[in-house]
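Novice: Numbering (the working numbering), first residue to last: 278 to 457.
The structure follows.
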């Protein structure tokens, strides 16, 4: 028998896979596909969460930097409420004052949802996802001893139910133009 005849006989045969073999292959394929899909979904969710936390932390850093520049230039702060807002008096020579004495209000009064507060400057949101409303602690200047100082504490957490995800930004900002 030639090679061609053997090949024809083999191709003409009706041997194949049994239903049980097909079911086992499909079960294995389904398990592997499910595991890979779960892995990709979890990786995508982790990336989204990490980006969200990074954006919240970055906006808090930028907000504190803006506050620091204005408070360093300021010659007075008026705390209002229970550490949830401060009014910063900017003299005319400060760059952000625009040539005239200006008052700027920083507050944490806006509740977005549950324990989520926003740091705002004159009702414009600077930072989000803070977990405390009482972010400001003002120490008045002591004549002959120290300048005025504001301590800003911003605990940032995009998932308040998970305390391990909390990041805290603390800044001590001195009012350079207050009198000792």
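The C-beta atom is built at its ideal place from N, Cα and C for all residues, glycine as well.
Which term fits residue 363, buried or exposed, when burial requires 16 or more other beta carbons within 10 angstroms of its beta carbon?
Specialist: If you number the chain shown from 1, residue 363 lands on position 86. Buried, since its Cβ has 16 or more Cβ neighbours within 10 Å.
Novice: Nearest-angstrom Cα distance between residue 375 and residue 368?
Specialist: The count along the chain shown starts at 1 and reaches residue 375 at position 98. The count along the chain shown starts at 1 and reaches residue 368 at position 91. Going from the Cα of residue 375 to the Cα of residue 368 covers about 9 angstroms.
Novice: Can you list, in chain order, the residues of its chain with a C-beta nearer than 7 angstroms to that of residue 302? Leave out the 5 residues immediately preceding and following it.
Specialist: Position 25 of the chain shown, counting from 1, holds the residue named residue 302. So no residue of the chain qualifies.
Novice: According to DSSP, is residue 438 part of a helix, a strand, or is it coil?
Specialist: Indexing the chain shown from 1 puts residue 438 at position 161. The answer is coil: DSSP assigns residue 438 none of H, G, I, E or B.
Novice: Relative to the C-alpha of residue 348, which residue among 437, 413, 446 is closest?
Specialist: Counting from 1 along the chain shown, the entry for residue 348 is found at position 71. With distances taken between Cα atoms, residue 348 lies closest to 413.
Novice: Would you identify the three-state DSSP class for residue 368, choosing helix, strand or coil?
Specialist: Start at 1 with the first residue of the chain shown, and residue 368 comes out as number 91. Three-state result, residue 368: coil.
Novice: Less than 7 angstroms between the C-beta atoms of residue 446 and residue 424, yes or no?
Specialist: Position 169 of the chain shown holds residue 446. Position 147 of the chain shown holds residue 424. Cβ atoms of residue 446 and residue 424: not closer than 7 angstroms.
Novice: Does the structure place the region 439 to 454 close enough to the region 339 to 359 that three or more beta carbon pairs sit under 8 angstroms?
Specialist: Counting Cβ pairs under 8 angstroms, three or more are found: they touch.
Novice: Put residue 228 into one of helix, strand or coil per three-state DSSP.
Specialist: No information on residue 228 is available, as it lies outside the stretch 278 to 457 that the chain covers here.
Novice: Leaving out five residues before and five after residue 338 in sequence, what residues of the same chain have Cβ atoms less than 8 angstroms from its Cβ?
Specialist: Here residue 338 refers to the residue found at position 61 when the chain shown is read from its first residue. Answer for residue 338: 446, listed in chain order.
Novice: Am I right that residue 365 and residue 383 are in contact with their C-beta atoms under 8 angstroms? What's the rounded C-beta distance?
Specialist: Translated into positions along the chain shown, residue 365 becomes position 88. Translated into positions along the chain shown, residue 383 becomes position 106. Going by Cβ atoms, the distance from residue 365 to residue 383 rounds to 7 angstroms, so yes, they are a contact pair.
Novice: Just checking, does the region 388 to 399 make contact with the region 320 to 334 on the three C-beta pairs under 8 angstroms criterion?
Specialist: No, the region 388 to 399 does not touch the region 320 to 334.
Novice: Where do the N-terminal and C-terminal ends of the alpha helix (DSSP H) with residue 397 fall, by residue?
Specialist: Taking the first residue of the chain shown as 1, we reach residue 397 at position 120. Per DSSP, residue 397 belongs to no alpha helix (DSSP H); it is in the beta strand (DSSP E), 393 to 398.
Novice: Put residue 428 into one of helix, strand or coil per three-state DSSP.
Specialist: Here residue 428 refers to the residue found at position 151 of the chain shown. Strand, per DSSP.
Novice: Starting from the C-beta of residue 442, find all residues in its chain whose C-beta is less than 6 angstroms away, skip the five residues before and the five after it, and write them out in chain order.
Specialist: Position 165 of the chain shown holds residue 442. Hits under 6 angstroms: 434, 436.
Novice: Output the distance between the C-alpha atoms of residue 296 and residue 310, rounded to the nearest integer angstrom.
Specialist: As a first step, residue 296 must be located in the chain shown, where it is residue number 19. As a first step, residue 310 must be located in the chain shown, where it is residue number 33. Cα to Cα, residue 296 sits roughly 21 angstroms from residue 310.
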